[in-house]
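Novice: Have a look at this one before I ask anything.
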Amino acid sequence: MAGMKRKSREGNKGKAAFKKKKNQSSSGGADGRRKRTGPRLPNAMLKELQLPKRYTDSDDDEIGSGDGDDVVVNNDLYEYEEGVAEEESKKNRRFDPVQNYQYELPDDFEDENVPSDEEDGDDDEDGQRGDDDEEEEEDDGRHSRLLQEITGLPTDAFDGKKKKNDVIISEAYSESEYNPSRDILDGDGRISIQDLLDPLHGKPDHGKLRKSMSRMEKKSMPIHAPLPKTDQERLERRAAYDVVQGDVTKWEPHVKRNREAPTIYFDEDKDVGFSTVGAIAAEFEPRSDFEKKIASLFNDHEVVEAHRKDGARLLELNKISVEDVRERQDQLAKMRILLFRHEMKAKRVKKIKSKVYHRLQKKDRLKQAGAAIETDPAAAKEQAMKQEFKRAEERLTLKHKNSSKWAKRILKRGLDVQDEGTRAAIAEQLNQHALLSRKANNMKESSSSEESSDEDDLDETSDGSDQDVAVKLLKKAKDKTAEVLEGDEELPASGVLSLPFMVRGMKRRKDAADEEAKLALEEYESSLKELEDKNKTKTQGTNILTGRRVFGAQKKQAPEPKTKVTSDNYYGDSDSEGETDAREIGIGACEENNFSGREVHFDPNSLREESEIAHDSLFKSFDDVARDPSSKTSYEVSISADDSWKKMNDSSVKRKQTKSSNAKSAISLQVTEPVEIDEDSDTDSGGEMVDGILTSGIKSTYEIPSQEELIRRAFAGDDVEDEFEREKQDALNEEVPEPEKPVLLPGWGQWTSIQKKRGPPSWMLQEHDNAEKKREEALKKRKDANLNHVIISEKRDKKAEKLLTQTLPYPYTSQEVFEQSMRMPIGPESNPATVVPALIRPEVVKRSGIIIKPIQFKEVNPHERARDNKRGGVQNKKGGKSRGKAKTVDQKS
Amino acid sequence: MRVKVISRSTDEFTRERSQDLQRVFRNFDPNLRPQEKAVEYVRALNAAKLEKIFARPFVGAMDGHIDAVSCMAKNPNHLKGIFSGSMDGDVRLWDLATRRTVRQFPGHQGAVRGLTVSTDGQILVSCGTDCTLRLWKVPVDTIMESDYGSDNSSQPLAVHVWKNAFWGVDHQWDGDLFATAGAQVDIWNHNRSQPVNSFEWGKDTVTSIRFNPGEPNLLATSASDRSISIYDLRLSTPARKVIMRTKTNSIAWNPMEPMNFTAANDDGSCYSYDVRKLNEAKCVHKDHVSSVMDIDYSPTGREFVTGSYDRSVRIFQYNGGHSREMYHTKRMQRVFCVKFSCDASYIISGSDDTNLRLWKAKASEQLGVILPREKKKHEYLEAVKNRYKHLSEIKRIIRHRHLPKPIYKATKQIREITDSERRKEERRKAHSAPGSIQNKPLRTRRIVKEVE
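Given below as structure tokens:
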């Protein structure tokens, strides 16, 4: 045994030496050396074939194998002969300095019998071995025959192999990074495809092979080395974990539903009324027509009879004509084909990558949809709904109003810094927002368009003096009515409207409208005349009356437009609706001027001239207005005046008040309020305007009151401090009540007049004094004794304390919700019997003795779930039954 | 003159039977009953007190093993039977109703470490430190009920000898695979003598294993390297591992929430994890004063039971930080295994004193048939108690427990230790640069790392 081991070890050594030797010998030509690592035959086969050994014995180059797996050239005879010599030669070397390291050859090494490279090369080219002796040839012949028999391939396929056989290399260890193969150690010892191809030269399919090889070489791509195993495993685990996460996530809706449910049920109803399907079926009674029809078929005597035997007779009953069947088949085939074509088309279209194509497609689709909207009311409605939803969403989310992170960032950095594209994108977003949030106007577009044109006109007119506004408006109205009067509508020549009775009806209506228009026209004219007269007198009057102020009034003409413009901008930004309202009021006022000519005096100029202090004058003017008999109209005018002067922004409030103001007192009250509001809200924007006005000419008369003054005036009426003190006193009296005065019950101790004089007994008085003192002390001890502006209540009900909690219990997050949940008792005494079970139902309903199975997956429809939750219904995961529990939820939350 | 009289129809007031209740008409106006809340509070208080009085959780002990009970298995298909394995290699089937051994399964030479039953309740798998895995046929109930005296022991269907000792076994829900823990995780089939699959991640011994009942291909193990690992059978590779400061003794999946599992840790706490977020525990359940040996979820998924080395059994809410119930007896020693019964009304614990003990899951629950009125009354009291449980007096009564002296002392000691640690931490924080000391939340404090 020991000998064997040693031998093998030496064999290794020898093999290594042999490697080196080969390297040396092959240093001349690389080709020859490569051949040696070609395909090898299995060990056993070689043995059987008794391949000739080509190496002679020498001390150092014996070929053997440590591992049985590697190819060995084993010849018992040789081994035996050599064994002795080797043992002798190596016996003492175990502890000697090693002379022949693995890759060094001894100097005196001599290669005897190994064929030279040239020879090998020759062999390859010739395909036969010239220098072998006959015996070897014979062996080879046998070998190839054997191979032929085994594999069934022609003999010459193995010719190449045969050569490899005689230069077999055995390696002690399998190749690894610690035991690199000889080729790697050499550096440039790779086998190329060419080498492998060469032996096949001249074989039938060689050309084809070579061609494909060259093709492959052209397209060759480097293949990366695989990752280290640890990394690979980690990646695998990560992937696995991802899958696990995904898998588990699908349970989320189930779990959420269960957790949120006020009750989950595990008591499957075991005792359902019917135990079998048959029992249920027996109870069935046909009710609907369909059911009755089916039942009649079922109970058909003939069918039952046919069914009874073996069902074969049913076929006889089932008579269908050949035509019917064929027709049906044809129809089915047609449908199938259509479906298939449609599918194919869809597939083809889907594959098209052209963006242009898809854009065109989209356009087409949109066009079609648009057409559908025009023709089909249902589609239009749907479209409108969609649009409305989008708008609502936009208004809700303000998604496009630069609220996104990106937009905010862009705006923060400044729009000027951005490039064209970004600016365009921002603009586009804003545009989108405007489009989506505008909405409401679109609904009544037709009506509002006229209004807007009116507004435009008004804007134009407002550039001029305020006086002209009314005149211009009236003129315009007149023009319009005249237009309406003159402009005869063309009667439609065709369609429904051309029918005689329709024509008649329209004419009648038109006549009525014309009548009305004429009346209006007359009114306009008369009022216009009046107005012009008034204007004349008024301008004269102002010129005459106010000597100094003429200057101001005249000068004012220039700056006023400017202030106007700025204020217009301001309101255009903030609240266009309010503005239009104010304008409308103005218009209304102008239109109604003909009823009371007096109000025209309340134009801004006159107001300003009258006033010393702005709001005081206003009050006055409003009071005047209130005193006026035609209160409504005059009030409106005054407000319009106020509008033009102070630009109130709360006009909606005022309008409401104009509507409701009828009684005098009510008016005066209501009027003061909005002005105050104005005062507060307009401080920032109105300041400028006041300045502007001041510069325009009232400098001498007007002074801005100081802030304190303003505040003092604003809160002139209410006495908060006193009120608070009273409140505090009340609270104190309630919590620490004053002792009762000593009073004797009537009749008690009133025997004589003397006693009466004495009053209540001293002990009573003393008691009262003590109580007073006690109270004083108690008041002093209070936490709010020295805090004048604070009431700290020390009222505490000890009895009720145990019913109250200091902190909010766990699942609740808001006090209101908690209090609401605790408000009503849940017992049967205070609730109807129908709701009590729902109120007191436990969280988990189970019954002992029923096995509870783990959760099972079922597709959950999220919408249904939402509805269920709202209803409070709980679906049992097992039974899948749901019970309405609306009451529980309602009551508890 | 017309006289109005109160008229009542006799139908409404006549009882059909003499046992029927008299019908009462009530005015539910809350203004008429201003004291209703106070009344309910008193009822809640009384209910809490009554619950204490009626708390008799211990049903009975099952004596028979001659060594410590190391593991148990419940039959998913049969309520009455429970299997137990002991340290001397004895495997028994018990009848919970009569509390007697029905069948013995002899054969193991060393301690039985794992027991499990297939979902259909047909096959029992046992494994132990003698490196053998044994499959047994579970006797049907007819035999169980009638003659347990005659044929008391059975032969295994199969015995597989494997190269390492087993530490645990668990059966897949609704499948024919089961997994064993040992030097590695092996997946077995009923019909094969070799594992169909093996997982190995690290060289440490896997000490416990549990299949996810909701997601049958998911598997969690705990190993002696203080780790909890997740495996997926379909991908034939481990998925994730989380390493904690102390060893996890046992794992239980929530049967109603397949993403959640709870790990019974050696530090006396249980940690509920979400499989998807292993870097922090979702909930830490503290109360045991010694290492938690075993854990099992109630089939309702709302609570779980733990057995601890401190000789106590506790019941926790699935989301509660502290136990709602604590069971102990004078004679019960270290608890090695606990199980919730399949109908969620009983708890079985196996301990070092060779006994199995049967407990009620709700200590004061009334056993036996309960009439509807009675049931309604119970429900009402329970609801009222639940409603006012935040009030101090009721809370105090509900929470109060008489603890065995060692546990009481240990609790106190632990509280002192944690308090002083907290104080120290606070001081350290106060005296160092702001932000330099991060306070780690309790949920991640015991987690060392998550390994991919």
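Read top to bottom, the protein sequences are chains F and L. Heads up: the first sequence is residues 1 to 893, going by UniProt numbering. Heads up: the second sequence is residues 1 to 452, going by UniProt numbering. Think of the CB as a built atom: it goes at the ideal place given N, C-alpha and C, for glycine as much as any other residue. All values reported here derive from a predicted model rather than from experimental measurement.
In three-state DSSP terms, what is P238 (chain L)?
Specialist: If DSSP states are grouped into helix, strand and coil, P238 (chain L) belongs with the strands.
Novice: May I ask you to report which of helix, strand or coil DSSP gives K783 (chain F)?
Specialist: K783 (chain F) falls in the coil class under three-state DSSP.
Novice: Based on the DSSP secondary-structure assignment, which residues constitute the bridge partners of P156 (chain L)?
Specialist: According to DSSP, P156 (chain L) bridges with L:W136.
Novice: Between the C-alpha atoms of I826 (chain F) and K49 (chain L), what's the straight-line distance to the nearest angstrom?
Specialist: Their Cα atoms are separated by approximately 20 Å.
Novice: Does any C-beta atom of chain L lie closer than 7 Å to the C-beta of I850 (chain F)?
Specialist: Cβ-Cβ to chain L under 7 Å: yes for I850 (chain F).
Novice: List the residues of chain L whose Cβ lies closer than 9 Å to the Cβ of E829 (chain F), in chain order.
Specialist: Going along chain L in sequence order, the residues near E829 (chain F) (Cβ under 9 Å) are R26, F28, R33, E36, V39.
Novice: So, is the C-beta of D343 (chain L) closer than 7 Å to a C-beta in chain F?
Specialist: Answer yes: the Cβ-Cβ gap between D343 (chain L) and chain F drops below 7 Å somewhere.
Novice: With a cut-off of 7 Å, does the C-beta of M256 (chain L) fall near any C-beta of chain F?
Specialist: Yes - at least one Cβ of chain F is within 7 Å of the one on M256 (chain L).
Novice: Have a look at F:L732, F:L744, F:R508, F:Q815 and flag the residue whose alpha-carbon is nearest the alpha-carbon of A778 (chain F).
Specialist: Of the listed residues, the one whose Cα sits closest to A778 (chain F) is F:L732.
Novice: For A73 (chain L), return the contacting residues in chain F, with the cut-off set at a CB-CB distance below 9 Å.
Specialist: Going along chain F, no residue has its Cβ under 9 Å from A73 (chain L), so there is no contact; the nearest lies around 15 Å.
Novice: Could you name the residues that DSSP lists as bridge partners for N197 (chain L)?
Specialist: According to DSSP, N197 (chain L) bridges with L:I187.
Novice: Could you check if N439 (chain L) is buried or exposed, using at least 16 other CB atoms within 10 Å of its CB as the buried criterion?
Specialist: Exposed is the call here.
Novice: By the criterion of Cβ-Cβ separation under 8 Å, what are the contact partners of T221 (chain L) in chain F?
Specialist: Within chain F, no residue comes near T221 (chain L); the closest Cβ sits about 14 Å away, beyond 8 Å.
Novice: Does the segment 356–371 of chain L come close enough to the segment 53–64 of chain L that 3 or more CB-CB pairs lie under 8 Å?
Specialist: The segment 53–64 of chain L is in contact with the segment 356–371 of chain L.
Novice: Starting from V384 (chain L) and walking both ways along the alpha helix (DSSP H), at which residues does that stretch end?
Specialist: Start and end: 372–387.
Novice: Check whether chain F comes within 7 Å of E382 (chain L), counting only Cβ atoms and requiring the distance to be less than that.
Specialist: Chain F contact via Cβ: present.
Novice: Taking the alpha helix (DSSP H) that G370 (chain F) falls in, what are its first and last residues?
Specialist: Per DSSP, G370 (chain F) belongs to the alpha helix (DSSP H) from 355–375.
Novice: Quick one, are the C-beta atoms of N217 (chain L) and R192 (chain L) less than 7 Å apart?
Specialist: Their beta carbons are not under 7 Å apart, which means N217 (chain L) does not touch R192 (chain L) by this criterion.
Novice: Label P238 (chain L) either buried or exposed according to how many other C-beta atoms from any shown protein chain fall within 10 Å of its C-beta, with 16 as the threshold for buried.
Specialist: P238 (chain L) is buried by the Cβ-count criterion.
Novice: Note down the Cα distance separating K355 (chain F) from E323 (chain F), rounded to an integer number of angstroms.
Specialist: Computed Cα separation, rounded: 50 Å.
Novice: Among L:A55, L:I82, L:Q104, L:R443, which has the Cα closest to the Cα of C283 (chain L)?
Specialist: Comparing Cα positions, the closest option is L:R443.
Novice: Check each residue of the segment 231–262 of chain L: if its Cβ is closer than 7 Å to any Cβ of chain F, include it; give the result in chain order.
Specialist: The residues in question are D232, L235, T237, P238, A239, R240, P255, M256, E257, P258, M259.
Novice: Using the beta-carbon of each residue, which ones in chain F are nearer than 9 Å to P139 (chain L)?
Specialist: In chain order: nothing, as chain F lies at least about 19 Å away.
Novice: Can you list, in chain order, the residues of its chain whose CB lies under 7 Å from that of V736 (chain F), leaving out five sequence neighbours each side?
Specialist: So the list reads R775, A778, L779, once near-sequence residues are dropped.
Novice: Does P216 (chain L) get closer than 7 Å to chain F when you measure Cβ to Cβ?
Specialist: False, the Cβ-Cβ gap to chain F never drops below 7 Å.
Novice: Nearest CA to the CA of T246 (chain L): which residue from L:L21, L:S9, L:I447, L:T411?
Specialist: Minimum Cα distance to T246 (chain L) is reached at L:I447.
Novice: Could you tell me the boundaries of the beta strand (DSSP E) in which residue 466 (chain L) lies?
Specialist: As displayed, chain L neither begins before 1 nor continues past 452, which places residue 466 (chain L) out of reach and without an answer.
Novice: Just by C-beta distance, which residues in the segment 231–247 of chain F are closer than 7 Å to chain L?
Specialist: Listed in sequence order: R234, E236, R237, R238, A240, Y241, V243, V244, Q245, D247.
Novice: For I187 (chain L), tell me which candidate among L:G168, L:L371, L:R373 has the shortest Cα-Cα distance.
Specialist: Checking every option, the nearest Cα to that of I187 (chain L) belongs to L:G168.
Novice: Compare the C-alpha of S250 (chain L) against each of L:Q194, L:S272, L:D20 and name the closest.
Specialist: Nearest C-alpha to S250 (chain L): L:S272.
Novice: Short of 7 Å in beta carbon distance, which residues of its chain neighbour M87 (chain L), apart from the five on each side in sequence? Order them along the chain.
Specialist: Cβ within range, chain order: D67, A68, S70, A111.
Novice: Going by DSSP in three states, F340 (chain F) sits in which element: helix, strand or coil?
Specialist: Of the three classes helix, strand and coil, the one that applies to F340 (chain F) here is helix, per DSSP.
Novice: Who are L93 (chain L)'s beta bridge partners in DSSP?
Specialist: Answer is L:F83, L:R103.
Novice: Taking just the CA atoms, how far does E530 (chain F) sit from T539 (chain F)?
Specialist: Its pLDDT being 47, under 50, T539 (chain F) is placed unreliably by the model, and the measurement read from it follows with that caveat. About 14 Å.
Novice: Would you kindly report the start and end of the unbroken beta strand (DSSP E) that includes K330 (chain L)?
Specialist: Element bounds for K330 (chain L): n/a, residue is neither H nor E.
Novice: Please go through the same chain and pick out, in chain order, the residues whose beta-carbon is closer than 8 Å to the beta-carbon of T683 (chain F), but skip the five residues on each side of it.
Specialist: Confidence is the limiting factor: at T683 (chain F) the pLDDT is only 38, short of 50, which leaves the residue's position unreliable and the question unanswerable from this model.
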